[in-house]
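For the sequence shown, numbering that gives the first Met the number 0 begins at 0 and goes up steadily by one.
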Amino acid sequence: MRYSVALMALLLVACNQGQLVSGTTPSPASCRLPVSMSDSQYHLHGGFIQFPGGKVTMDADGGAYYDRAFSRWLPVSHEAVSLDGSQYAYLDLKVPGTDARQQLHLVELPSGNEKLYQAAPTGDPAGYVVVSIGPEGIWLSYAGYEGPSGGLFLLDLTTGQMKEVGGQQGIFNPVAGSPGIFWFTDSGPNPQPRGGIGGYLLTRVQRLTVSDGMTNVWFSKDGSDLRVLGIDLTGHPIIADENNVWLGTAQDHTQPIAVPEGFYSAVVADKHGIWLGGDKGIYLYTPNGEVQRISDQVAALAGPCF
0 MRYSVALMAL
10 LLVACNQGQL
20 VSGTTPSPAS
30 CRLPVSMSDS
40 QYHLHGGFIQ
50 FPGGKVTMDA
60 DGGAYYDRAF
70 SRWLPVSHEA
80 VSLDGSQYAY
90 LDLKVPGTDA
100 RQQLHLVELP
110 SGNEKLYQAA
120 PTGDPAGYVV
130 VSIGPEGIWL
140 SYAGYEGPSG
150 GLFLLDLTTG
160 QMKEVGGQQG
170 IFNPVAGSPG
180 IFWFTDSGPN
190 PQPRGGIGGY
200 LLTRVQRLTV
210 SDGMTNVWFS
220 KDGSDLRVLG
230 IDLTGHPIIA
240 DENNVWLGTA
250 QDHTQPIAVP
260 EGFYSAVVAD
270 KHGIWLGGDK
280 GIYLYTPNGE
290 VQRISDQVAA
300 LAGPCF
């Protein structure tokens with residue numbers, strides 16, 4: 000199962016690689032950045048980081064995501080929250096290795112009323128995970144058990160039926176892009192074995208257009224295990240491997256984001272730029288291409304800075 004306990008990020012297109020500077024660089028406006036932390040028992044603790052300044056203030060009501068539309072914390076990550084903040088979804092945990100069907104809960108805000116749906120049976124030991132919520136329904140993927148999530152499925156909220164999207168191609172770790180677009184990774188035509196834990200390296204990033212099922216290779220890097228962390232405000236993917244982060248500004252063209260080497264998790268974009276969270280702290284990639292160190296706090300980003 001996937002637990003986001005590293006960090007997240009925000010982004011905007013920039014023109015150059017960037018330069019690491021102090022967090023005291025003048026900013027367009029001050030704001031509070033919601034963050035979420037998890038202890039060893041996966042209990043969530045939320046708070047806010049002041050920008051600029053970096054002061055961390057904990058919130059006793061903290062959770063996984065701060066829904067600014069209703070000024071409340073939610074128990075799910077941003078992928079499982081609708082764009083307007085009026086709905087969120089979660090799945091009952093599946094006991095690994097069982098055939099039990101998972102129940103999906105769609106929660107309406109601010110009322111808290113729930114609608115229940117049955118996810119289609121799956122042989123995947125860990126069941127499903129929510130990829131995104133859209134007007135067409137809820138997008139799901141296999142959660143992955145000791146490996147990446149895989150596949151892409153749409154749950155129709157009118158009929159309650161699920162359908163697979165993308166056919167037989169290997170879709171791993173899908174991320175929602177602009178409407179009708181998903182980004183995913185795969186192993187390419189010549190899979191390269193992954194050392195130690197087995198399986199194959201995910202060396203390519205592809206763009207899937209839902210309307211016609213067409214895919215295009217956006218970026219590839221032999222010998223790397225690639226991840227799509229999220230998208231910028233224009234829908235371009237933020238891509239990472241073990242040591243690097245890039246902005247995929249066009250097909251076969253990436254812009255390096257000069258953050259320190261480390262592990263970075265998902266990203267979220269807002270007007271300030273790209274906020275990146277990782278095991279080295281929290282950074283902001285600004286519209287003028289600078290990288291600012293915001294805080295040493297290790298946490299997951301829990302929403303845009305406001």
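Note that CB positions come from ideal geometry on N, CA and C, so glycine has one too.
- Counted as a single uninterrupted DSSP element, the beta strand (DSSP E) harbouring T253 occupies residues 252-255.
- The straight-line gap separating the alpha-carbon atoms of N287 and A301 is approximately 24 Å.
- Between V164 and L156, the C-beta gap is not smaller than 8 Å, which leaves the two residues out of contact.
- Per DSSP, reduced to three states, the secondary structure at H271 is coil, with no helix or strand assignment.
- Boundaries for D240: no beta strand (DSSP E) harbours it, and the DSSP string shows neither H nor E there.
- Taking the Cα of H235 as reference, the smallest distance to any Cα among P190, P178, G53 is reached at P178.
- Assigned with DSSP and collapsed to three states, E113 falls in strand.
- Judged by DSSP secondary structure, G46 falls within the beta strand (DSSP E) whose first and last residues are 43-50.
- In the three-state reduction of the DSSP assignment, H104 falls in the strand class, which pools E and B.
- Taking each of L105, Q160, L73 in turn and checking the Cα distance to P120, the smallest one comes out for Q160.
- Looking at F50, G280, D224, W217, the one whose alpha-carbon comes closest to that of S29 is F50.
- Here A88 carries a strand assignment [DSSP, helix/strand/coil].
- Taking a C-beta distance under 8 Å as the contact criterion, W72 and G61 qualify as a contact pair.
- In this structure L207 does not touch I230 by the C-beta definition: roughly 13 Å separates them, more than the 8 Å allowed.
- For K270, same chain residues with a beta-carbon under 6 Å away, outside a window of 5 residues either side, do not exist.
- In the DSSP assignment, F171 falls within the beta strand (DSSP E) that extends over 171-175.
- In this structure, L225 lies near I238, with their beta-carbon atoms less than 8 Å apart.
- Cα atoms of Y64 and P33: separation of roughly 8 Å, rounded to the nearest angstrom.
- With contacts defined as CB atoms closer than 8 Å, V129 and L139 qualify as a contacting pair.
- Contact annotation: I132 and V209 have beta-carbon atoms that are not nearer than 8 Å.
- Exclusion of the five residues before and after D278 leaves A5, G261, F262, V297 as the residues of its chain whose Cβ lies within less than 7 Å of its Cβ.
- Counting the other CB atoms within 10 Å of its CB gives Y127 a total of 16 or more, which places it among the buried residues.
- For the options P109, V94, G111, Y89, the alpha carbon positioned closest to that of L103 is the one of Y89.
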